[in-house]
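J.: Submitted below is the structure of interest, expressed as structure tokens.
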Amino acid sequence: MNPIFVFSTDCKLENWQVVDDIVMGGRSNGKLSLNSDGNGVFKGNVSIENNGGFSSIQLNLDAVTTVKDQVIELQLKGDGSSFQFRIKAAKYDRHSYVYDFKTTGKWETILVPLNKMYPSFRGYTLDIPNFDQSQIERIGFLKASKKNSAFQLEIKSISISAAL
Numbered sequence: 002m003n004p005i006f007v008f009s010t011d012c013k014l015e016n017w018q019v020v021d022d023i024v025m026g027g028r029s030n031g032k033l034s035l036n037s038d039g040n041g042v043f044k045g046n047v048s049i050e051n052n053g054g055f056s057s058i059q060l061n062l063d064a065v066t067t068v069k070d071q072v073i074e075l076q077l078k079g080d081g082s083s084f085q086f087r088i089k090a091a092k093y094d095r096h097s098y099v100y101d102f103k104t105t106g107k108w109e110t111i112l113v114p115l116n117k118m119y120p121s122f123r124g125y126t127l128d129i130p131n132f133d134q135s136q137i138e139r140i141g142f143l144k145a146s147k148k149n150s151a152f153q154l155e156i157k158s159i160s161i162s163a164a165l
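Right, dumping it as structure tokens:
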């Protein structure tokens, strides 16, 4: 298992970027902070006003090399709702590769097979293959909703490992 990002009380969050639907006129708001345990806390409110409906965080990386059948391991605790884990092979790609997951409200490990991550652009699935690239240059989480709702996702770590 190779860590991609591990949250801790002394980690720096300034390279993480919040991207909300305000880029399209929406009114959602999210933020990322550290709690007293050193975990990253992505929380906020999704608003469907003005055709909004999402909040996200993302981090550009020095290229993380990937090989076929690897798995991303997320250690996190959600609020019981669904989220997306998102990656880009190159930070300037327009599309992302997406994996949807539902949280239980308890600490859990979510295993994300890279080859199950589907290509998406602005909420639409693209007609190209699932992730089959040799690197990752951006990671992130997205909360989307079709109704006004608060959300919270507490994150310990994001790692990459060999296939299951």
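At position 135 of the sequence shown (counting the first as 1) the number is 136 in my numbering, and the numbers step up by one without a gap. Glycine residues also receive a C-beta, built at the ideal position from the N, C-alpha and C atoms. These figures come from a predicted structure and were not determined experimentally.
1) Could you check the C-alpha separation between threonine 67 and leucine 115 for me, to the nearest Å?
2) Please report the straight-line C-alpha distance between isoleucine 16 and glycine 141, rounded to a whole angstrom.
3) Is serine 29 closer than 8 Å to aspartate 21 when the C-beta atoms are compared?
4) Relative to the C-alpha of aspartate 133, which residue among Ile88, Tyr93 and Lys147 is closest?
5) For glycine 41, is the classification buried or exposed, using 16 other Cβ atoms within 10 angstroms of its Cβ as the cut-off for buried?
6) With C-beta atoms as the reference, is isoleucine 58 less than 8 Å away from isoleucine 159?
7) Less than 8 Å separating the beta-carbons of leucine 127 and serine 135?
8) Quick check on lysine 117: does DSSP put it in helix, strand or coil?
9) Look up aspartate 133 in the DSSP assignment and say whether it is helix, strand or coil.
10) Buried or exposed: isoleucine 129, going by 16 or more other Cβ atoms within 10 Å of its Cβ?
11) Closest to tryptophan 1 by CA distance: which of Gln153, Val24 and Met2 is it?
T.: By the coordinates alone:
1) Against the sequence shown, residue 67 aligns to sequence position 66. Against the sequence shown, residue 115 aligns to sequence position 114. Taking the straight line joining both Cα atoms gives about 9 Å.
2) Along the sequence shown, one-based indexing puts residue 16 at 15. Along the sequence shown, one-based indexing puts residue 141 at 140. Position check: residue 16 holds asparagine in this sequence, whereas isoleucine was assumed. The alpha-carbon atoms of asparagine 16 and glycine 141 are separated by roughly 12 Å.
3) As a working mapping, residue 21 is identified with position 20 in the sequence shown. As a working mapping, residue 29 is identified with position 28 in the sequence shown. Cβ atoms of aspartate 21 and serine 29: closer than 8 Å.
4) Taking the sequence shown and counting its residues from 1, the one referred to as residue 133 is at position 132. Ranking the options by Cα distance to aspartate 133, first place goes to Ile88.
5) On the sequence shown, position 40 is the one that residue 41 refers to. So glycine 41 ends up on the buried side.
6) Walking along the sequence shown from the start, residue 58 turns up at place 57. Walking along the sequence shown from the start, residue 159 turns up at place 158. Cβ atoms of isoleucine 58 and isoleucine 159: not closer than 8 Å.
7) As a position in the sequence shown, residue 127 is number 126, starting the count at 1. As a position in the sequence shown, residue 135 is number 134, starting the count at 1. No.
8) Here residue 117 refers to the residue found at position 116 of the sequence shown. Three-state DSSP puts lysine 117 in a helix.
9) Position 132 of the sequence shown, counting from 1, holds the residue named residue 133. Of the three classes helix, strand and coil, the one that applies to aspartate 133 here is coil, per DSSP.
10) As a position in the sequence shown, residue 129 is number 128, starting the count at 1. Exposed is the call here.
11) The chain is shown only over 2 to 165; residue 1 falls outside these bounds and no answer can be derived.
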